[in-house]
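Asker: I'd like to ask you about the structure that follows.
In the working numbering, the protein residues as written are 608 to 859.
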């Protein structure tokens, strides 16, 4: 890399991080700027950029700040960090390509009027994943509840949900503690939406079990990454008496 330096705002813009996130990493001792100007402005070097990249990669695989600090104290070659990141990215791409290939086969079969049973079975396996975790009675209750809500509210809730997930992922990437107050507030909003959508804490708990066992990417059809799922799990359980952070109703 050529010699170059960045001020805090410049580095934030070029990486997509917030200034707050960079200051947080500095406060935690993970990324201290190499120098300052005479006026006291932070100046980041090429080495700082490489270190920031490693921090973000380690965050993506679900490590907490303490574990990242330990990892950074035993520095690796940048090419090894990139290789690890590449392997994770290729694995995620492979999962998405598998689903895309399944859907292409079904689409082609339908175009020619010859539906491929094998391809359709693979897609149905994904579609019926929820049914492996809910009883017939629970599935019927879920369908009735969705009908009572109406498609417009379901669509609006989906938009709200995606906005919250985007905020949560930004907090995860920034290395913010999953039990920080504003993260828990977002989790609370997400849980409220989720409960509105499914109607019952019992069903919510069963669906969270599906995410835990099948993996966030498969269970949410790519809506959440595995890293975000792990981050949310730490927050969802905070201060809760049950495994999923939902208070399952008990008998009177």
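For every residue, glycine included, the Cβ atom is placed at its ideal position computed from N, Cα and C.
Compute the beta-carbon to beta-carbon distance between residue 631 and residue 794, rounded to the nearest angstrom, for a pair I have assumed lies under 8 Å.
Answerer: For the purposes of this step, residue 631 is taken as the residue at position 24 of the chain shown. For the purposes of this step, residue 794 is taken as the residue at position 187 of the chain shown. Not quite, the Cβ-Cβ distance comes to about 19 Å (not below 8 Å), so this is no contact.
Asker: Which class does residue 639 belong to by DSSP, given the choice of helix, strand or coil?
Answerer: As a first step, residue 639 must be located in the chain shown, where it is residue number 32. Note: residue 639 maps to coil in three-state DSSP.
Asker: I'd like the span of the beta strand (DSSP E) that includes residue 651, first residue to last.
Answerer: Counted from its first residue, the chain shown places residue 651 at position 44. From DSSP, the beta strand (DSSP E) with residue 651 extends over 649-651.
Asker: If we ignore side chains and look at the alpha-carbon of each, how far apart do residue 610 and residue 642 end up?
Answerer: As a first step, residue 610 is located in the chain shown; it is residue number 3 there, counting from the start. As a first step, residue 642 is located in the chain shown; it is residue number 35 there, counting from the start. Distance between the alpha carbons of residue 610 and residue 642: 14 Å.
Asker: Give me the Cβ distance between residue 761 and residue 804, rounded to the nearest whole Å; I'm assuming they're in contact under 8 Å.
Answerer: Numbered from 1 along the chain shown, position 154 holds the residue referred to as residue 761. Numbered from 1 along the chain shown, position 197 holds the residue referred to as residue 804. Confirmed, Cβ separation roughly 7 Å.
Asker: CB residue 551 to CB residue 664, shorter than 9 Å?
Answerer: This structure cannot speak to residue 551, because the chain is shown only from 608 to 859.
Asker: Using the beta-carbon count (16 or more within 10 Å), is residue 700 buried or exposed?
Answerer: The sequence position of residue 700 within the chain shown is 93, counting from 1. The residue is exposed, with fewer than 16 neighbouring Cβ atoms inside 10 Å.
Asker: Output needed for residue 767: all residues of its chain with C-beta closer than 7 Å, excluding positions within five of it in sequence on either side, in chain order.
Answerer: Residue numbering aside, residue 767 sits at position 160 when the chain shown is read from its first letter. Within the same chain, residue 767 has close Cβ partners 800.
Asker: Going by CA-CA distance only, name the one from 626, 648 and 658 that's closest to residue 637.
Answerer: Residue 637 sits at position 30 when you count from the first residue of the chain shown. That would be 658, whose Cα lies nearest to the Cα of residue 637.
Asker: Determine the direct distance from the alpha carbon of residue 686 to that of residue 675, and round the result to whole angstroms.
Answerer: Translated into the one-based positions of the chain shown, residue 675 becomes position 68. Translated into the one-based positions of the chain shown, residue 686 becomes position 79. Looking at the backbone, the Cα of residue 675 and that of residue 686 are separated by about 18 Å.
Asker: May I ask which residues mark the beginning and end of the alpha helix (DSSP H) holding residue 813?
Answerer: Residue mapping note: residue 813 aligns to position 206 of the chain shown, counting from 1. Its alpha helix (DSSP H) spans residues 808-821.
Asker: Which parts of the segment 749-805 are runs of the beta strand (DSSP E), unbroken and 3 residues or longer, counting only runs that do not cross its ends?
Answerer: none
Asker: Sorted by chain position, which residues of the same chain lie with C-beta nearer than 6 Å to residue 633's C-beta, five sequence neighbours on each side aside?
Answerer: The count along the chain shown starts at 1 and reaches residue 633 at position 26. 639.
Asker: Of the residues 661, 787, 678 and 673, which one's Cα is nearest the Cα of residue 690?
Answerer: Residue 690 sits at position 83 when you count from the first residue of the chain shown. Taking only the C-alpha atoms, the option nearest residue 690 is 661.
Asker: Could you please give me the residues that DSSP links to residue 614 through a beta bridge?
Answerer: Along the chain shown, read from residue 1 onward, the residue named residue 614 stands at position 7. Answer is 650, bridged to residue 614.
Asker: Does the beta-carbon of residue 739 have 16 or more other beta-carbons within 10 angstroms, so that it is buried, or is it exposed?
Answerer: Residue mapping note: residue 739 aligns to position 132 of the chain shown, counting from 1. Residue 739 is exposed by the Cβ-count criterion.
Asker: Alpha carbon to alpha carbon, what distance is there between residue 827 and residue 707?
Answerer: For the purposes of this step, residue 707 is taken as the residue at position 100 of the chain shown. For the purposes of this step, residue 827 is taken as the residue at position 220 of the chain shown. Straight-line spacing of the CA atoms in residue 707 and residue 827 works out to 15 Å.
Asker: Based on Cα-Cα distance, which residue from 836, 612, 627 and 806 lies nearest to residue 816?
Answerer: One-based indexing of the chain shown puts residue 816 at position 209. Between residue 816 and the set 836, 612, 627 and 806, the nearest pair of CA atoms involves 836.
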